[in-house]
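**Q** Below is a structure I'd like to ask you about.
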Amino acid sequence: MSETTATDSATETPRRDLSPDEDKPTKTATGSKLSLGHSLGLILALGALIVLGIITGGDRFLSVDNLMVILQQAAVIGVISIGVTFVITSGGIDLSVGSVMGLATIWATTLGTQAIAMDVHWSIMVFTAVGVGAAAGLLNGVIIAYGRVVPFIATLAMLVAARGFAELISGRQTQIITVPGFTSAFRRDILGIPVIVWMFLLVAVAAWFLLNRTTFGRRTIAVGGNPEAARLAGIKVKRHLVMVYALAGLCAGIGAVMMLSRTTSGSSTHGYLYELDAIAAVVVGGTLLAGGRGTIFGTVLGVLVFQVLRNVFVQNNLDSSVQALVTGAIIVGAVLLQQRFSSHSKT
Amino acid sequence: MVTQSGGSQLLSMRGIIKHFPGAKALDGVDLDIRAGEVHCLLGQNGAGKSTLIKVLSGAHQPTDGEILWKGDPVSIPTTMAALRLGIATMYQELDVVDGLSVAENVFLGHELSSGGVLHRATALERTRELLKRLGHPEIPAQREVGRLSAAGKQIVSMARALSHEAQLIIMDEPSAVLDPEEVENLFRVVHSLRDQGVAVVYISHRLEEIRRIGDRITVLKDGRTVATSLEVADTPTRELISLMTGHEVTTNFGGEASGALSDEPLLEVDGLSIEGVFEPVSFVVRPGEVVGLAGLVGAGRSEILETVYGARRATAGEVRVKGKKLRRGSIDDAVSHGIGLAPEERKSQGLLLDEPIYRNITLSTFARFARSGLLNERAEKAAAQEQAESLHLSPANVQRNIRTLSGGNQQKAMLARWLVHGCEVLLLDEPTRGVDVGARAEIYALVRALSRQGTAVLMVSSEIEEVLGLADRVLVVADGRVVHTGPSEDIDEHQVLDLVMEGAHR
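These protein sequence lines are chains A and B, in that order. Heads up: the first sequence is residues 80 to 426, going by the working numbering. Heads up: the second sequence is residues 5 to 510, going by the working numbering.
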């Protein structure tokens with residue numbers, strides 16, 4: 080055993096002599112170098128897609144209305160993806176965000192909830208949606224951290240159960256929002272930009288701050304990078320994981336509010352397969368699926384790439400099957416790129 | 005089939021050298037194996053046994069030297085090539101697949117098939133033959149391997165070796181996972197293999213076993229063969245121990261020990277135990293004292309250390325720091341009372357390899373550099389930088405990735421973590437594992453300096469020399485029991501080894 084450890088460390092010693100330029104005290108120590116290089120690739124891809132959109136769609140693509148459509152579509156999946164970014168950074172996975180969002184839209188639009196909202200304040204619906212999301216995430220976290228169920232299974236169970244629960248409550252009926260305060264609060268523009276796009280921006284900035292500048296973010300990265308080292312350093316790993324999953328649920332709840340305002344109805348089919356879109360955006364964005372490194376900026380870029388792609392296809396009346404094919408290719412390409420970058424960062 | 009003992013020369017290794025960048029793992033190893041003998045390979049941890057096995061099994065390529073197989077020079081570029089020659093290796097961590105049946109495991113990687121269709125019946129039949137040859141016809145060939153005991157899995161692993169027509173089987177501490185009866189059975193199997201003309205390279209720390217099972221012995225120390233092909237019957241145990249320990253390398257342990265600075269104990273361990281892992285242990289460490297736990301890997305030393313730290317939950321007893329009782333199984337409580345642990349497996353248990361040095365140094369303390377959750381990275385970096393400089397960390401730039409550091413510097417970063425924390429009780433598990441000789445002296449000096457400042461140090465090391473050199477008092481642990489306690493100057497390396505070997509063979 081001891082020989083192997085000796086060699087492991089030994090093999091890495093001389094490499095640093097081969098790359099003396101690393102001694103430069105740059106701000107980009109490790110992770111940021113990867114995400115910068117990787118983000119650059121994504122920005123280029125996004126730029127290429129936009130150029131493609133302009134060439135094929137011209138003014139139609141560039142119109143403010145169309146751009147707002149892209150951003151509003153990106154907003155819902157974007158907020159959900161940001162929650163999933165934390166989970167994946169912590170070394171886990173959350174398959175339940177889509178159906179948790181669906182459940183939250185249902186719970187917030189039941190006759191009962193809407194009646195209370197009508198009597199008291201429309202924000203009751205917001206708190207209900209966010210609360211349902213956070214509670215479902217909390218339950219995920221407790222089952223994973225304290226029940227020691229692997230995240231894949233625990234959240235798969237939640238995916239199925241939350242969808243079923245939503246169908247049960249709604250009787251598979253679409254629930255129209257009748258609270259005027261809610262719709263008027265969210266279905267409007269501020270400075271020409273829809274409220275839910277502002278919400279997306281706000282969530283993204285807050286999440287970036289949370290991940291990169293707070294103890295919560297540092298713990299998330301540590302727990303994802305090496306759970307045993309984090310535990311032995313005195314970090315309460317289980318408690319932290321519960322909070323991470325609760326945060327992902329909370330984001331799904333915020334996504335539910337945005338979905339409600341876009342569709343003016345709650346439905347148990349809302350958020351169908353969103354978990355896969357979210358995971359794809361997170362991974363394409365540069366967050367390591369193995370944990371320990373996450374980038375909010377990358378996730379936002381990943382979401383935008385997929386939404387612009389979708390828009391270009393829709394604008395040109397192209398087959399959505401081809402769009403799915405291209406999406407698959409982008410996922411593989413981005414991850415291949417990511418692997419190249421991360422093997423570089425190890426030198 | 006070759007006749008037994010005194011058989012023809014099967015394998016010769018001449019002047020095998022294996023360099024890893026920055027370290028010499030093997031520095032001139034000679035080994036001669038005859039057909040139909042049990043050849044024991046002896047050496048302390050770090051002597052080069054594992055590397056040698058890896059060279060033989062095709063996992064590592066030697067930098068220099070010659071391997072002769074039945075008199076012909078050969079190279080072993082891959083593990084498959086080793087198997088094709090007839091060299092099979094049974095690693096300590098048995099490489100069986102729990103979810104497959106015995107027969108599927110035996111023919112794993114060389115399944116009997118034609119056109120992709122498995123010959124299940126033939127495989128079962130041949131597995132039964134092999135099991136019979138090993139004296140274990142009672143193991144059902146269709147049984148799922150996960151349901152077998154460790155001993156059973158070993159038999160499966162041996163059957164796999166035989167299925168490759170192995171003429172040489174390397175066994176890396178096969179008895180470590182077995183209870184005494186199973187060891188007896190293992191010996192029977194090894195003897196029967198030998199009688200069938202198969203050569204066995206047997207690695208064990210337990211001299212008693214070697215005396216019972218071995219024909220000849222080769223001793224490694226510091227990557228070199230110090231004695232080869234000794235006849236077991238003619239070599240006294242004392243001679244083997246002094247060959248293994250030798251005193252060619254003199255180590256500077258950083259000057260005189262400071263000894264206890266006060267009679268008031270800082271760390272008190274009182275009747276601490278985990279049922280089935282280690283028996284109740286009691287000791288105190290005073291400020292300025294270094295207490296060492298000596299013993300074999302698996303004797304329970306690391307477990308004691310981890311239990312003191314709260315990383316394992318004790319089933320009895322208690323730990324007190326400055327008289328305050330710690331909550332069982334709570335690392336958090338231990339850390340907040342000023343205990344720090346530098347774990348045995350630095351990379352897998354201690355470090356965030358993809359993070360910068362400073363974040364590794366402040367992993368236990370970063371919350372201190374935050375106000376209502378917001379990190380002040382500038383203060384954090386400054387604190388890490390200060391410790392890095394005082395420990396002469398190289399490179400001293402704490403923004404760099406910790407992965408690029410040498411083992412010694414990674415260990416220094418671990419110590420820096422607890423210095424930033426300001427801990428008063430330091431638990432060190434194998435503090436110099438994977439650390440080269442130069443950096444070792446620095447680590448020793450650091451431990452000394454800390455203890456002079458009043459830190460209480462509790463350390464575990466497999467290198468007896470290190471424990472005796474560094475510690476004021478030594479506890480010798482064997483089989484989960486403390487078999488000796490006393491000042492380190494009252495005991496020498498041979499006595500410790502004697503205690504350890506006796507204890508391990510109960």
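Glycine included, every Cβ here is placed at the ideal spot set by N, Cα and C.
#1: Label tyrosine 225/A either buried or exposed according to how many other C-beta atoms from any shown protein chain fall within 10 Å of its C-beta, with 16 as the threshold for buried.
#2: Which residues in chain B have a C-beta closer than 8 angstroms to the C-beta of glycine 171/A? List them in chain order.
#3: Report all residues from its chain with a CB closer than 6 angstroms to the CB of lysine 58/B; omit the five preceding and five following residues, and keep chain order.
#4: Could you list which residues in chain A have their beta carbon closer than 7 angstroms to that of proline 347/B, in chain order?
#5: Within the continuous beta strand (DSSP E) that includes tryptophan 422/B, where are the two ends?
#6: State the start and end residues of the unbroken beta strand (DSSP E) segment that holds serine 142/A.
#7: For alanine 301/A, go through chain B and note every residue whose CB falls closer than 9 angstroms to its CB, in chain order.
#8: Grouping DSSP H, G and I as helix and E and B as strand, with all else coil, what is aspartate 502/B?
#9: At a CB-CB cut-off below 7 angstroms, which residues of chain A make contact with aspartate 476/B?
#10: Is glycine 373/A close to chain B, meaning its C-beta is less than 7 angstroms from at least one C-beta of that chain?
#11: Nearest CA to the CA of arginine 372/A: which residue from Val166/A, Ser178/A, Thr406/A?
#12: Considering only C-alpha positions, which residue in the set Phe111/B, Val160/B, Gln96/B, Asp102/B is nearest to serine 175/B?
#13: Any chance you could list the beta strand (DSSP E) runs of at least 3 consecutive residues sitting entirely within the region 246–308 of chain B, in chain order?
#14: Measuring only the C-alpha atoms, how far is aspartate 522/B from histidine 140/B?
#15: Should methionine 248/B go down as buried or exposed, given a rule of 16 or more other Cβ atoms within 10 Å for buried?
#16: Note down, one range per segment and in chain order, each alpha helix (DSSP H) of at least 4 residues found wholly within the region 217–299 of chain A.
#17: According to DSSP, glutamine 171/B sits in a beta bridge with which residue or residues?
#18: Is the number of C-beta pairs between the region 410–424 of chain B and the region 438–458 of chain B that are closer than 8 angstroms three or more?
#19: Go to isoleucine 333/A, then tell me how far its alpha helix (DSSP H) extends in each direction, as first and last residue.
#20: CA-CA distance, glutamate 359/B and leucine 345/B?
#21: If distances are taken between C-alpha atoms only, which option among Leu150/A, His319/A, Ile122/A, Ala357/A comes closest to alanine 331/A?
#22: I'd like the ranges of any alpha helix (DSSP H) spanning at least 4 consecutive residues and lying wholly in the region 142–168 of chain B.
#23: Identify the contact partners of serine 472/B in chain A, using a Cβ-Cβ distance below 8 angstroms as the criterion.
#24: Please classify threonine 126/B as buried or exposed, where buried requires at least 16 neighbouring CB atoms within 10 angstroms.
#25: Put serine 118/A into one of helix, strand or coil per three-state DSSP.
#26: Strictly below 7 angstroms CB to CB, what residues from chain B border glutamate 307/A?
#27: Which residues share a DSSP beta bridge with glycine 342/B?
#28: Using a 10 Å radius around the Cβ and a threshold of 16 neighbouring Cβ atoms, would you call glutamine 146/B buried or exposed?
#29: Does the pairing of the region 326–343 of chain A with the region 247–267 of chain A give three or more beta-carbon distances under 8 angstroms?
#30: Kindly list, in the order they appear in chain A, the residues whose Cβ is closer than 7 angstroms to that of leucine 378/B.
#31: Got a sec: is the Cβ-Cβ distance from aspartate 102/B to anything in chain A below 7 angstroms?
#32: State the beta-bridge partners of aspartate 176/B as determined by DSSP.
#33: List, in chain order, every chain A residue whose beta-carbon is nearer than 7 angstroms to that of aspartate 183/B.
#34: Using a 10 Å radius around the Cβ and a threshold of 16 neighbouring Cβ atoms, would you call leucine 141/A buried or exposed?
#35: Measuring only the C-alpha atoms, how far is alanine 208/A from tryptophan 186/A?
**A** Walking through what the data contain:
#1: On the first sequence, residue 225/A is found 146 positions in, with the first residue counted as 1. Under this definition tyrosine 225/A is an exposed residue.
#2: Within the first sequence, numbered from 1, the residue matching residue 171/A stands at position 92. Residues of chain B passing the Cβ test: none, with the nearest at roughly 17 angstroms.
#3: Position 54 of the second sequence, counted from the first residue, corresponds to residue 58/B. Cβ within range, chain order: His64.
#4: Here residue 347/B is taken as the residue at index 343 of the second sequence, counted from 1. Near proline 347/B (Cβ distances below 7 angstroms), the residues of chain A are Leu311.
#5: Within the second sequence, the letter at position 418 stands for residue 422/B. Premise fails: tryptophan 422/B lies in the alpha helix (DSSP H), 411–425, not in any beta strand (DSSP E).
#6: In the first sequence, residue 142/A corresponds to position 63, counting from 1. First-last for serine 142/A: undefined, no H or E at that position.
#7: On the first sequence, position 222 is the one that residue 301/A refers to. In chain order: Leu356, Glu359, Arg363, Leu367, Phe370.
#8: In the second sequence, counting from the first residue as 1, residue 502/B sits at position 498. Three-state result, aspartate 502/B: helix.
#9: For the purposes of this step, residue 476/B is taken as residue 472 along the second sequence, with counting starting at 1. In chain order: nothing, as chain A lies at least about 25 angstroms away.
#10: Residue mapping note: residue 373/A aligns to position 294 of the first sequence, counting from 1. False, the Cβ-Cβ gap to chain B never drops below 7 angstroms.
#11: Along the first sequence, one-based indexing puts residue 372/A at 293. Nearest C-alpha to arginine 372/A: Val166/A.
#12: Walking along the second sequence from the start, residue 175/B turns up at place 171. Before going further, note that residue 175/B is methionine rather than serine in the sequence given. Residue Gln96/B is the option with its Cα nearest to methionine 175/B.
#13: 271–278, 282–289, 294–299
#14: Here chain B has residues from 5 to 510 only, and residue 522/B is not among them.
#15: Indexing the second sequence from 1 puts residue 248/B at position 244. The residue in question, methionine 248/B, is buried, as its Cβ has 16 or more Cβ neighbours within 10 Å.
#16: 230–249, 259–265, 274–292
#17: In the second sequence, counting from the first residue as 1, residue 171/B sits at position 167. Bridge partners of glutamine 171/B: none, in fact.
#18: yes
#19: Here residue 333/A refers to the residue found at position 254 of the first sequence. Note, isoleucine 333/A: alpha helix (DSSP H), 316–342.
#20: What you label residue 359/B is simply residue 355 of the second sequence in a count that begins at 1. What you label residue 345/B is simply residue 341 of the second sequence in a count that begins at 1. Glutamate 359/B and leucine 345/B: Cα-Cα distance of roughly 20 angstroms.
#21: Your numbering for residue 331/A matches position 252 in the first sequence. Nearest of Leu150/A, His319/A, Ile122/A, Ala357/A to alanine 331/A, Cα basis: Ala357/A.
#22: 154–167
#23: Residue numbering aside, residue 472/B sits at position 468 when the second sequence is read from its first letter. The amino acid occupying residue 472/B in the given sequence is leucine; serine does not appear at that position. The contacting residues do not exist; leucine 472/B stays about 18 angstroms from chain A at best.
#24: Counting from one through the second sequence, the residue named residue 126/B turns up at place 122. When all chains shown are included, threonine 126/B counts as exposed.
#25: Here residue 118/A refers to the residue found at position 39 of the first sequence. Helix, per DSSP.
#26: Within the first sequence, residue 307/A is the residue found at index 228, counting from 1. Within chain B, the residues near glutamate 307/A are Ser352, Gln353.
#27: The sequence position of residue 342/B within the second sequence is 338, counting from 1. Glycine 342/B pairs with nothing; no bridge assigned.
#28: The count along the second sequence starts at 1 and reaches residue 146/B at position 142. The residue is exposed, with fewer than 16 neighbouring Cβ atoms inside 10 Å.
#29: yes
#30: Within the second sequence, residue 378/B is the residue found at index 374, counting from 1. Going along chain A in sequence order, the residues near leucine 378/B (Cβ under 7 angstroms) are Arg292, Thr293.
#31: Along the second sequence, read from residue 1 onward, the residue named residue 102/B stands at position 98. Cβ-Cβ to chain A under 7 angstroms: no for aspartate 102/B.
#32: Counted from its first residue, the second sequence places residue 176/B at position 172. Answer is Ile207/B, bridged to aspartate 176/B.
#33: Taking the first residue of the second sequence as 1, we reach residue 183/B at position 179. Here the premise fails: no neighbours, minimum Cβ distance about 22 angstroms.
#34: By one-based count along the first sequence, residue 141/A stands at place 62. The residue is exposed, with fewer than 16 neighbouring Cβ atoms inside 10 Å.
#35: As a working note, residue 208/A is residue 129 in the first sequence. As a working note, residue 186/A is residue 107 in the first sequence. If I take the Cα positions, the gap works out to 7 angstroms.
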